[in-house]
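Peer 1: Quick one: structure below, then a few questions.
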Amino acid sequence: MQPEITRELFDKVILPVYSPAKFIPVKGKGSRVWDQDGNEYIDFAGGIAVNALGHCHPRLINALHQQSEQLWHVSNVFTNEPALRLAKKIIDNTFADRVFFANSGAEANEAAFKLARYYAAEKYSPYKTKIIAFYQSFHGRTFFTVSVGGQAKYSDGFGPKPADIIHVPFNDLNAVKAVMDDHTCAVVLEPVQGEGGLTSATPEFLKGVRALCDQYNALLVFDEVQCGMGRTGSLYTYQQYDVVPDILTSAKALGGGFPISAMLTTNEIASVMHPGVHGTTYGGNPLACAVGCEAFDIINTPEVIQGVEKRRAIFIEQLESINDKFKVFREYRGKGLLLGAELQPKFHSKAREFLNVASECKVMILNAGPNVLRFTPSLIISEDEIKEGMNRLSTAVEKVVNS
Ligand SMILES: *Cc1c(COP(=O)(O)O)cnc(C)c1O
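Following this line, the structure appears as structure tokens:
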């Protein structure tokens, strides 16, 4: 007999590191999702900025289907066509000359941080190991990446951490100056902090950090796992700032829902690497790269990229009309469709409650910390879907305000 699959089963069989919503999604199409009982939801969460083309995009289905009849996996003992094709697309559209594929944002960052340390040791000195990172930043959940991340709640409780990592306030150039020295191998940051509350880097800050990195021979690492791949209205966010990093990591939307990540760098930096220094079994998997190629081709078009600002404007207009009624939002944050609505102080620490009530009202949203509602929908969500979802959110807000 098959076991009955219910939300209660989650609490019995899954490691209790999440508390997912009370319903189980079983089907998605575009920006709509259905649960086991056939209820329909509008999806403003996009699988946390992953489903940039919504659910089950016909061209992604086709790419996955075609590749599934060709070749699933060979490991990196052999290379494969989809991986080479995707690497070429990424290189042709960014600063990068070299790509390393992995399966998650954390793994891409792990590779980035190891590369930065290795490069400094090979090129300058084994003592050039300091990594400068920022409070509220998020870089993944492996031990190196939580340690570089600036949130103690994720990094504490697991024993001794990787050493020589220092955190300073984001957007504070003087703070970076105060800790930067010849022993610094890298400065690591998200151009728009995703999990940490959707703070965007100021242009002066990024330019200043770039100059300091050049002065001290340190590498500038941009984590664009969440803000990359069209999300903020350019293919990568650095392209809006006119500041070029030395290493960039990409994941989330890169596979449009299929797990894949990439670390990008230059020939100069890549030149210290040789076979055996770093590796992965699944990285560059043909299925993931075939879907990644198709997602890349769809996202990297003026139609999709330029549609981002238009959609942001509709989102904000709708949020404003909710705000006219209920006075819940203080400010809009982030860039493009990495959009945050900071709650008024009166509702601080209640973001999660808004999220829960929203899902009862059949709209899926996210939070970014305790005080910010986060919207990371499909980049091609329709105006009707935005308005429908916002009607539902308005009902949810009313419930929370009156509770
Ligand atoms: C999600 C995220 C990560 C981690 O990615 P995983 O795929 O969960 O390992 C790293 N950095 C940023 C900025 C992210 O948003």
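Take the sequence shown: its position 90, counted from the start at 1, is 384 in the numbering used here, and no numbers get skipped. We put the beta carbon where it would ideally sit given N, CA and C, even for glycine. Quantities reported herein were computed from a predicted structural model and do not represent experimental measurements.
1) On the three-pair Cβ rule with 8 Å, is the region 403–422 touching the region 617–629?
2) Where in the region 513–556 do unbroken runs of the alpha helix (DSSP H), each at least 4 residues long, occur, reported from the N-terminal end onward?
3) Keeping to the same chain, check which residues put their C-beta closer than 6 Å to that of L483; ignore five residues upstream and five downstream.
4) Thinking A346 and G550 are a contact (beta carbons under 8 Å), I'd like their distance in whole angstroms, please.
5) Go through the region 654–688 residue by residue and report every complete run of the beta strand (DSSP E) that reaches 3 residues or more, in order.
6) Rounded to whole angstroms, what is the Cα-Cα separation between A690 and I675?
7) Assuming V393 contacts I426 (C-beta within less than 8 Å), just tell me the rounded distance between them.
8) Since F500 contacts P485 with CB under 8 Å, what's their CB separation in whole angstroms?
9) Comparing alpha-carbon positions, which option in F437, R624 and S697 lies nearest G451?
10) Use the C-beta contact count for G348: other C-beta atoms within 10 angstroms, 16 or more gives buried, fewer gives exposed.
11) Within this structure, are the beta carbons of K606 and I680 separated by less than 8 Å?
12) Taking the straight line between their C-alpha atoms, what separation do you get for K422 and F317?
13) How would you label P310, buried or exposed, when you count the other beta carbons within 10 angstroms and need 16 or more for buried?
14) Report the rounded CA-to-CA distance for T388 versus W366, giving the unit in angstroms.
15) State buried or exposed for H351, treating a residue as buried only when at least 16 other CB atoms are found within 10 Å of its CB.
16) To the nearest angstrom, how far is the alpha carbon of F464 from that of T496?
17) Evaluate contact between the region 332–346 and the region 354–365, counting only Cβ atoms and requiring at least three cross-stretch pairs below 8 Å.
18) According to DSSP, is K306 helix, strand or coil?
19) Using beta-carbon positions only, say whether I554 and V515 come within less than 8 Å of one another.
20) Measuring from the CB of R605, is there a heavy atom of ligand 1 at a distance below 7 Å?
21) Taking the beta strand (DSSP E) that T478 falls in, what are its first and last residues?
22) Where does H433 sit, in a helix, a strand or coil, going by DSSP?
Peer 2: The short version:
1) No, because fewer than three Cβ pairs between the region 403–422 and the region 617–629 fall closer than 8 Å, the two stretches do not touch.
2) Entirely contained in the region 513–556, the alpha helix (DSSP H) runs reaching 4 residues are, in chain order, 532–535.
3) The beta carbon of L483 sits closer than 6 Å to those of F428, all from its chain and outside the five residues before and after it, given in chain order.
4) Rounded to whole angstroms, the Cβ separation of A346 and G550 is 6 Å, and the two are in contact under 8 Å.
5) Taking only runs of at least 3 residues, the beta strand (DSSP E) segments lying wholly in the region 654–688 are 666–669.
6) Their Cα atoms are separated by approximately 21 Å.
7) About 25 Å separates the Cβ atoms of V393 and I426, ruling out a contact at the 8 Å cut-off.
8) Before going on, a small fix: residue 500 reads as Leu here, not Phe. Taking C-beta atoms under 8 Å as the contact rule, L500 and P485 qualify, at a distance of about 7 Å.
9) Minimum Cα distance to G451 is reached at F437.
10) G348 comes out buried.
11) Per the sequence shown, the amino acid found at residue 606 is Arg instead of Lys. Taking 8 Å as the Cβ cut-off, R606 and I680 do not qualify as a contacting pair.
12) Distance between the alpha carbons of K422 and F317: 50 Å.
13) Its Cβ having fewer than 16 others within 10 Å, P310 is exposed.
14) Computed Cα separation, rounded: 28 Å.
15) Counting C-beta atoms within 10 angstroms of its own C-beta, H351 has 16 or more neighbours from the protein chains shown and is therefore classed as buried.
16) Those two C-alpha atoms are separated by around 10 Å.
17) With the rule of 3 Cβ pairs closer than 8 Å, the region 332–346 does not count as touching the region 354–365.
18) If DSSP states are grouped into helix, strand and coil, K306 belongs with the helices.
19) Taking a C-beta distance under 8 Å as the contact criterion, I554 and V515 do not qualify as a contact pair.
20) Between ligand 1 and R605, a heavy atom-to-CB distance of less than 7 Å is absent.
21) First-last of the beta strand (DSSP E) with T478: T478 to L483.
22) The three-state secondary structure of H433, taken from DSSP, is coil.
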